[in-house]
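Chains as they are written, first to last, in this note's numbering: chain G, 119 to 391; chain W, 814 to 1159.
Here the structure comes first, spelled out in structure tokens, and everything after it is commentary.
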Amino acid sequence: MNDAFLPEIARLVGVADETPDTKTFSLRFRDAHNGGNFHFLPGQFLELSVFGYGEGPFCIASSPTRPHTLEATVRRTGQLTGALHRLGPGEEVGIRGPFGNGFDVAGARGKDLLFVAGGIGLPPLRSLIWNVLDERSRFGKVTILYGARTPTDLVYKQELEEWGKRSDVELHVTVDVAQPGWTGNVGVVPSLFRKITLHPDSTLTYVCGPPIMIRITVHDLLGLGFKEEAVISTLERMMQCGIGKCNHCAIGHRYVCRDGPVFNCAQIKELVE
Amino acid sequence: MAFVIEKQATTTWLQKLLECGEVIAPVRGPCGDILFSSVHSPDQVAWDFQNPLSPPKQVVLPQTDPLIKITRNAGSYEVEPVYDDGRRFLFNVRSCDAKGIAFLTQMYEMEPADASYLRRARSLTIISLACNKPCPLGFCICSGSGPFLSEGYDVQLTDLGESYLVEVGSEKGEAAISGASNLFRSATEEEVSQRQRMEVEAKNHFEEETCHFASAMRRISTGRVQDALWEKMSDWCLECGACNMVCPTCYCFSVKDLSEDGTWIRCRIWDSCQYAAFTLEASGHNPRADRKQRMKRRFFHKVSAQYYQRDGVVGCVGCGRCIKVCLGSTDMPAVVGAIRKGKWNE
């Protein structure tokens, strides 16, 4: 029996600024052998340690189709994330995982995919997006709708540009509040639905963002004719142990760390808080 | 298989156990109160006592439980699990508390299992003392956790007056008496039936025989408890978390790094689902920001059909400790009763 709480040591190989308070950390296992055993699905999460500060749950923002480095995009909001933000390349952190169910990538083959993300909700979807784009021929139409409070708060700006240029991706970006120089859309994410043609019968939608954004987006999607099973989201809770013991992430008798974090709307409705 | 040990021979037996490992038993503290503590001499062990306010769950799940040792050397880290698998005997533990530990072990054994907990639990031998008389606040009979046990012990003792009937429930139990086998003789049929009579008699001492878990369970599981009722009940909750701390079946925890002589020990620390920060996320979002949501959570986890289906037991052993510690009287029987009646007696 493995010690569930024993982390693997990983080294930061890159730190990239996304926004003034958000960075993307690229990680590699110090013992390369351990990396070989690390298989994950988009949507799964890690318990990331900054030793001396503790550990917390972060989604894997990179795609399993690019297994050499793991990436996590983290906003600086507290002690642990503050400590992580002070680290640079070459420094070590701990990793446990992957935890959770992840997105059903195989089940999405042949479908049109609609990604709807708000703010820091893009990272978990980015893992799936790159997975899909790296195996592009297996999937139908790919549409990405992304919004943030201001243009400064948009993460993965370079990738957004790259996706925008691709002919096999339809991308629409919006901000709640424009800043000087912004020529794009202004409005909340669901306002982008007007810009695209929706095919509720053949499309799976993936929604991630702040709780209020998820609520409004899901409400709109269901109103537009999507079935509950086709509207998929990933929930955020204070997962601490990752193995369904500590109870921080329990919703009713379900555990976000084990049964989730990916749920479709029908499943979310069944959760009794 | 049942044996008998004469009362005066228990001293020699305890002496033998002390040679094999640590013995933890109810002892009388300096102020006269009873508490579970490591003993060094057989005469410290209490035989006639009210169950201590703190359950013995500390023995398998310490309040601060070291999991991982982290050392730093020239910018590089090493991590190793902290091992605690010393042989221990939990002696004279009451039926409810033995059941409490069995419950914790069931939770931590569930896949993926928790090695750290199981190392400790598997090296622990539970020697329980059946309750001939129920304790004043106990309602163990409602959840099948007493007054006598049919499982969940390694050895169960029953006070027959001049001697103890000794029931062995596991290999660990066998090992605990085999080291002193000359002290034990096979029980006679009469002694075994005396034990059965005592169990029936003990059960008759309970004031109320009906168990109200079932009707509360139906309401909780189907969301038929009015929000207003949760609100009213939670108005009485002081969010002190005492119910969680003294509950033999509560096992929620947080994980923290504690600094220790230039290294860190990553510890599991008891936490309470009644604390507002229990579900607070770094973003400031708190899915259970309301006290009534947290109280609902506590009782859902303990008595919902959803958990009952998964675990096969309710998360309550009827020890009555929450009744004793809760200043707002939102203890298990009070809340279960209010849910059943749909009304909170203020």
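Glycine is no exception: its CB is placed at the ideal position from the N, C-alpha and C atoms.
query	result
Interface residues of chain G around W/A1095 at Cβ under 9 Å?	G174, R193, T195, G196, Q197, L198, T199, M356
Mind checking if G/F221 is an interface residue toward chain W, Cβ cutoff 9 Å exclusive?	no
What residues in the segment 261–283 of chain G have a beta carbon less than 7 Å from any beta carbon of chain W?	none
Rounding to the nearest angstrom, what Cα-Cα distance links G/V250 and G/G239 in this structure?	18 Å
Just the Cα atoms here: how many angstroms apart are W/A915 and G/F257?	50 Å
Ordered along the chain, which non-local residues of its own chain (more than five positions away) have a Cβ less than 8 Å from that of W/K820?	E975, S976, Y977
Since G/L251 is in the alpha helix (DSSP H), which residue starts that stretch and which ends it?	240–252
With DSSP as the reference, please indicate the residues paired to G/R214 in a beta bridge.	G/E165
Using C-beta distances below 7 Å, list every residue in its chain close to W/D1084, excluding the 5 sequence neighbours before and after it, in chain order.	C1065, F1066, S1067, F1091
Identify the continuous beta strand (DSSP E) that holds W/V1116 and give its terminal residues.	Here W/V1116 belongs to no beta strand (DSSP E); instead the alpha helix (DSSP H) covers 1104–1116.
Just to make sure I have the definition right: I need the residues of chain W whose C-beta is within less than 9 Å of the C-beta of G/I127. Which are they?	S889, Y890, E891, V892
Using a C-beta to C-beta distance shorter than 9 Å, which residues of chain G count as neighbours of W/H853?	Result: empty, since nearest Cβ-Cβ is about 32 Å, beyond 9 Å.
Are G/G327 and G/V390 touching if we call contact CB-CB under 9 Å?	no
Taking W/D898 and W/R933 to be in contact with their CB atoms under 8 Å, please state how far apart those CB atoms are, rounded to whole angstroms.	7 Å
Alpha carbons only, please: which of W/I939, W/S991, W/D1070 is nearest the one belonging to W/E835?	W/I939
W/C844: buried (16+ other C-beta within 10 angstroms of its C-beta) or exposed?	exposed
Cα separation between G/V223 and G/I247?	10 Å
Taking C-alpha atoms, which residue in W/R1037, W/F902, W/D972, W/R1111 lies nearest to W/K1156?	W/R1037
Skipping 5 residues on each side, what residues in its chain have a beta carbon closer than 6 Å to that of G/L310?	L263, H290, T292
Give the single residue among W/R901, W/L942, W/I1082 whose Cα lies nearest to the Cα of W/L880.	W/I1082
Can you have a look at W/K985 and say buried or exposed, based on whether 16 or more other CB atoms are within 10 angstroms of its CB?	buried
Give the C-beta separation of G/P207 and G/L130 to the nearest angstrom, bearing in mind that I take them to be a contact with Cβ-Cβ under 8 Å.	5 Å
Measuring straight from C-alpha to C-alpha, what distance separates W/D1144 and W/W1043?	13 Å
Suppose contacts are defined by Cβ-Cβ distances below 9 Å. Is G/L198 in contact with G/G172 by that definition?	yes
What does a CB cutoff of less than 7 Å around G/T137 pick up in its chain, not counting 5 residues either side in sequence?	T270, D271, V273
Can at least three beta-carbon pairs, one atom from the segment 1096–1107 of chain W and one from the segment 941–954 of chain W, be found at a separation below 8 Å?	no
Assign W/N864 to one of two classes, buried (16 or more other C-beta atoms within 10 Å of its C-beta) or exposed (fewer than that).	buried
Within the same chain, show all residues whose beta-carbon is closer than 8 Å to that of W/V895, passing over the 5 residues directly before and after it, in chain order.	P879, L880, I881, K882, S929, I1078
Hey, does G/P207 have any beta-carbon neighbour from chain W nearer than 9 Å?	no
DSSP three-state label for W/T1076, please.	strand
In this structure, what does DSSP give as the bridge partners for G/V260?	G/L231, G/V287
Between G/P329 and chain W, is the shortest Cβ-Cβ distance under 9 Å, so that the two count as touching?	yes
Would you tell me roughly how many angstroms separate the C-alpha atoms of G/K363 and G/E279, rounded to the nearest one?	42 Å
So with Cβ pairs under 9 Å, would you call G/H317 a contact of chain W?	no
What's the call for G/Q297, buried or exposed, on a 16-neighbour Cβ count within 10 Å?	exposed
Quick one: any contact between the segment 375–382 of chain G and the segment 1120–1130 of chain W, if contact means 3 or more CB pairs under 8 Å?	no
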